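The block underneath contains the structure these notes are about, expressed in structure tokens.
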Amino acid sequence: MVIAEISIFPLGTGSPGVSEYVAAAVRELEASGLECTLGPMGTTVEAASPEEVYAAVARAQAAVFELGVGRAYTVIKMDERRDVEERSAEAMVRSVRERP
């Protein structure tokens with residue numbers, strides 16, 4: 554199971570506001586069929602394999618480039634566990650919250 558946080562930053566837009574580009578990227582991540590949770594600084598994606606994450610990120614980057622930017626900076630933080638059958642981002646948060 555893989556949980557990744559993805560942030561794509563379009564460069565050279567001429568404006569400090571980038572929500573149009575972020576929205577396009579998020580639409581592609583969500584269209585991938587993976588579980589996605591939009592956050593203020595990135596989107597959390599849950600997948601069965603890293604390859605699924607990479608494919609979704611490639612489509613999200615393409616969507617940003619289609620809006621006319623010449624450069625995009627992408628950050629992927631990924632946690633892959635092979636010692637458990639199934640887990641979710643929600644379960645990870647719950648595990649921390651339940652600690653004294």
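Under this note's numbering, think of the first position of the sequence shown as 554, with each following residue one higher. Glycine included, every Cβ here is placed at the ideal spot set by N, Cα and C. Remember, predicted model here, so these are calculated numbers, not experimental data.
- Counting of Cβ neighbours within 10 angstroms places residue 581 among the buried residues, the total reaching 16 or more.
- Within the DSSP secondary-structure output, residue 560 pairs in a beta bridge with 628.
- Excluding sequence positions up to five before and after residue 565, its CB lies within less than 7 angstroms of the CB of 622, 623 and 624, all in the same chain and listed in chain order.
- Boundaries of the alpha helix (DSSP H) around residue 649: 642-650.
- Put simply, of 578, 559, 567 and 562 the residue whose alpha carbon is nearest the alpha carbon of residue 615 is 578.
- Going by DSSP, residue 620 is part of no beta strand (DSSP E) at all; its letter is neither H nor E.
- Judged by their CB atoms, residue 557 and residue 606 are nearer to each other than the 8 angstroms cut-off.
- With distances taken between CA atoms, residue 641 lies nearest to 589 out of 589, 628, 630 and 593.
- Apart from sequence neighbours up to five positions away, the residues of its chain that approach residue 595 with a beta-carbon distance below 7 angstroms are 558, 559 and 560, ordered along the chain.
- Here the alpha carbon of residue 653 sits roughly 36 angstroms from the alpha carbon of residue 586.
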